[in-house]
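Numbering (our numbering), first residue to last: 44 to 282.
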């Protein structure tokens with residue numbers, strides 16, 4: 044359900060894309076009430092969710108490879124490696140640094156948490172004004188859970204699952220720590236993207252993780268009942 048002061052006007056196909064229309068309908072049909080201050084705020088969420096999905100597909104189709112921090116690389120023309128991750132070099136705009144991941148993707152190697160942060164940054168870049176993006180993320184550092192707090196990432200117990208949400212498949216009897224689980228973007232149509240695994244259904248993600256367990260493992264990987272989202276309301280100020 045959707046609640047906006049003074050009512051809500053249904054977006055038309057002339058103003059939003061088919062994917063945004065599908066997300067809108069899913070939110071509207073939910074048993075949970077979703078509150079928006081304005082219709083503009085709601086439309087921003089639809090757009091940024093679509094951009095998260097687009098960025099996930101773009102990363103899947105890129106030449107970015109998968110590895111832990113010890114074997115990771117970022118384009119040295121844009122980034123420098125530190126103990127906490129990859130920091131933009133002086134004089135490089137955050138917008139240029141994020142775009143380069145998708146332009147020169149063969150020069151990047153990272154793991155799945157980092158892929159989610161990169162996807163989020165790319166989606167925000169495509170959803171707000173570029174000068175605001177460069178201002179908000181001017182001290183950008185990227186690796187795993189090291190990211191700018193202006194992204195507003197938060198996790199909640201799963202009550203709904205909409206395209207653009209991030210979920211976690213936990214693998215309790217992993218063979219190597221890097222395969223403890225897989226962070227995935229929900230793409231819609233029962234499909235997920237996880238860096239290192241690719242695009243597939245929940246069953247296919249679980250099957251892939253199960254193939255990476257200890258040889259004597261008996262407990263299957265499974266989807267945790269939670270979702271991770273961005274602070275859409277906060278980010279909409281910079282549209």
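Every residue gets a Cβ at the ideal spot worked out from N, C-alpha and C, and that includes glycine.
Taking 8 Å as the cut-off, the Cβ atoms of residue 103 and residue 236 count as close. Apart from the 5 residues on each side of it in sequence, residue 251 sits with its Cβ closer than 7 Å to the Cβ of 240 in its chain, given in chain order. Taken through DSSP and simplified to helix, strand or coil, residue 100 comes out as helix. A Cβ-Cβ contact shorter than 8 Å links residue 255 with residue 214. Secondary structure in the stretch 133 to 184: the alpha helix (DSSP H) runs of 4 residues or longer, each lying completely within the stretch, are 137 to 146, 155 to 168, 173 to 179 in chain order. With distances taken between CA atoms, residue 139 lies nearest to 173 out of 129, 127, 151, 173. Between the alpha carbons of residue 278 and residue 169 lies a distance of about 12 Å. Per DSSP, the unbroken alpha helix (DSSP H) holding residue 253 starts and ends at 245 to 253. In this structure, 156 is the residue among 130, 129, 156, 146 with its C-alpha nearest to the C-alpha of residue 109. By the CB criterion at 8 Å, residue 76 and residue 44 fall inside the cutoff.
Scanning its chain for C-beta atoms nearer than 6 Å, with the 5 sequence neighbours on each side dropped, one finds around residue 198 the residues 269, 271, in chain order.
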